[in-house]
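Numbering (the working numbering), first residue to last: 2 to 65.
Note that the Cβ used here is the ideal one computed from N, Cα and C, for glycine as well.
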Amino acid sequence: MTCENRFCVYWSRDNCTLSEVRLDGMGSCEDCIVVEVPEELLEKKRTELLQKLDRSWEEMKRRG
């Protein structure tokens, strides 16, 4: 089954690794276990991504 929740322990390459998926009445997976990511790591990765996007934007502007 296709899955978009990259923070679930059962997620792998846009798919759920469970052999059976149970959904609740709202369509959410009942078996989802969310990975805890330390805030320091999230902040570091956000900063890195923003810097990368800024560099890409500047490169696109130079190309015209």
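When you compare only the Cα positions, how much space is there between residue i and residue j?
i     : j     : result
GLY26 : CYS33 : 15 angstroms
MET66 : ARG63 : No answer is possible for residue 66: it lies beyond the span of the chain, which begins at 2 and ends at 65.
LEU19 : GLU31 : 12 angstroms
GLU60 : LYS46 : 21 angstroms
GLU49 : GLU5  : 23 angstroms
ASP55 : ARG7  : 25 angstroms
Is the Cβ-Cβ distance between residue i and residue j less than 8 angstroms?
i     : j    : result
VAL35 : CYS9 : yes
Got a sec? Which residues, its chain only, sit under 8 angstroms from residue i by beta carbon, not counting five neighbours each side?
i     : result
LEU24 : CYS30 and GLU31
Three-pair Cβ contact test at 8 angstroms for the segment 40 to 56 versus the segment 11 to 20: No, because fewer than three Cβ pairs between the segment 40 to 56 and the segment 11 to 20 fall closer than 8 angstroms, the two stretches do not touch.
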